[in-house]
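One structure is given here, and the rest of the page talks about it.
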Amino acid sequence: MATPTTPEPDFTDLPEMPADVFAAPLKKPAHVGEDWLEPKQADYSSEDDAIWNDLFARQMDVLPGRAASAFMAGLQKLNLNRGGVPEFGKLSEDLSALTGWSVVPVPMLIPDHVFFWHLANRRFPAGNFIRTRETFDYIEEPDVFHDVFGHVPMLTDPVYADYMQEYGRAGWKAMRYNRLKALGALYWYTVEFGLIEEAGGIKAYGAGILSGPAEIVYATEAQSPNRIMLNVDRVMRTDYVISDLQPTYFVIESFEDLYRQTVERDFDRLYRSLGPGFTYANSAVIDLDNVLHRGTQEYLLRGGRGSGARPV
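The sequence shown begins at 11 in the working numbering and counts up one residue at a time.
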């Protein structure tokens, strides 16, 4: 996502977050360094492993026929059904042989500039903890199940793996223009909640969809949400929902299409045209949209998760 007019930064060096950039303040735990990496992966208990296995089994009841073929193939390539929380060393060994990526443990959500740096160097940061039985159905901060089950299988696809690295590299420019929110919207609507046209239908490749039983059915089949073909400029101007099902999903033709739309875009020009906030509401349909399904927005209009509305 670099342009000929700007020299490419040295992505091997951890970038500094400019003081005037809008970013969420995060307190670094004392036991981690500037890279925010844990000294080692957590020692998971038998109950932790049982929670992973139960979460895995629940997702496998709903994913076939709804998840992208690249994701289902990635599960098999990495043998994620071997039981219990995967060991990151073995997982990284298998993943590196396929696409050159590794998985590294982090204690919590990490700062944007550190996240970009790891992605730019083909390291995927994964939460070094797993949810409890009490938070089995919903957890606010991504845990090892969301990060490893939801994200890592997609990194076995070479084109998608390259897109993720380019996304990390794009962070340097977003920081320079103070447009992290816009770049975050692109991540949200692709990496976390992206859909893809496949086999005559719509399948999910976003980790936020793939790691939740309600969202996978809702995103691919429900009448409430909009499903709109991806347009990078439009997406980066669109607000999003963090703690509920999405009013709108964006659909790609292929991972090659996703890569082309982002890596070939002149982001310098785009960032100069963007304001600090979002232009479009998360439920909006606008004139330039290529709409596959215009949603009823019933779930949103009935109040969403907080009201007990059914995700229809």
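Even glycine gets a Cβ: it sits at the ideal position worked out from N, Cα and C.
- Between Asp53 and Leu24, the C-beta spacing is not below 8 Å.
- Boundaries of the alpha helix (DSSP H) around Val227: Pro223 to Glu231.
- Exclusion of the five residues before and after Tyr197 leaves Tyr177 as the residues of its chain whose Cβ lies within less than 7 Å of its Cβ.
- Unbroken alpha helix (DSSP H) runs of no fewer than 4 residues, entirely contained in the stretch 92 to 177, are found at 98 to 109 and 122 to 130, following chain order.
- Per DSSP, the beta bridge partners of Phe260 are Ile238.
- Cα atoms of Pro121 and Leu36: separation of roughly 7 Å, rounded to the nearest angstrom.
- In the DSSP annotation of this structure, the continuous segment of the beta strand (DSSP E) that includes Lys213 starts and ends at Gly211 to Ala214.
- Sequence-distant partners of Gly204 (beyond 5 residues in either direction) whose C-beta falls short of 7 Å from its own C-beta, in its chain, are Tyr215, Gly216, Phe260 and Ile262.
- By the criterion of a C-beta distance shorter than 6 Å, Gln271 is surrounded in its chain by Val242, once the five residues flanking it on both sides are discounted.
- Contact annotation, Phe21 with Asn188: C-beta distance approximately 20 Å; criterion of less than 8 Å not satisfied.
- Separation of Arg320 and Tyr290 (C-alpha to C-alpha, rounded to the nearest whole angstrom) is 25 Å.
- Distances from the alpha-carbon of Ala224 to those of Pro17, Leu165, Leu73 and Pro115 put Leu73 closest.
- DSSP places Ala77 within a strand segment (E or B) once states are collapsed to three.
- In the displayed model, Glu26 falls within coil according to three-state DSSP, outside both helix and strand.
- Note that the C-beta distance between Gly160 and Ser112 is not below 8 Å.
- Assignment of beta-bridge partners to Ile206 by DSSP yields Lys213 and Ile262.
- Per DSSP, Thr289 has no beta bridge partner at all.
- A direct Cα-Cα distance of roughly 15 Å separates Ala40 from Asn138.
- Looking only at Phe134, Asp64 and Asn131, the smallest Cα-Cα distance to Arg141 is reached by Asp64.
- In this structure, Ile219 lies away from Ile212, with their beta-carbon atoms at least 8 Å apart.
- In the DSSP assignment, Leu302 falls within the unbroken beta strand (DSSP E) covering Val301 to His303.
- Taking a 10 Å sphere around the C-beta of Thr145, we find fewer than 16 other C-beta atoms and assign the residue as exposed.
- For Ala136 against Asp104, the beta-carbon gap comes to about 15 Å, at or over 8 Å, which does not count as contact.
- Taking every protein chain shown into account, the CB of Lys100 has fewer than 16 other CB atoms within 10 angstroms, so this residue is exposed.
- Taken atom to atom, the span from the alpha-carbon of Lys50 to that of Leu310 is near 42 Å.
- DSSP places Ala195 inside the alpha helix (DSSP H), whose first and last residues are Leu190 to Tyr197.
- Contact check for Thr248 against Ala180 fails: the beta carbons are separated by 8 Å or more.
- In terms of Cα proximity to Leu47, the closest of Asp58, Phe125 and Arg315 is Phe125.
- According to the DSSP assignment, Ile61 belongs to the alpha helix (DSSP H) that extends over Ser56 to Met70.
- A residue is called buried when at least 16 other Cβ atoms come within 10 angstroms of its Cβ; Leu190 meets this threshold and is buried.
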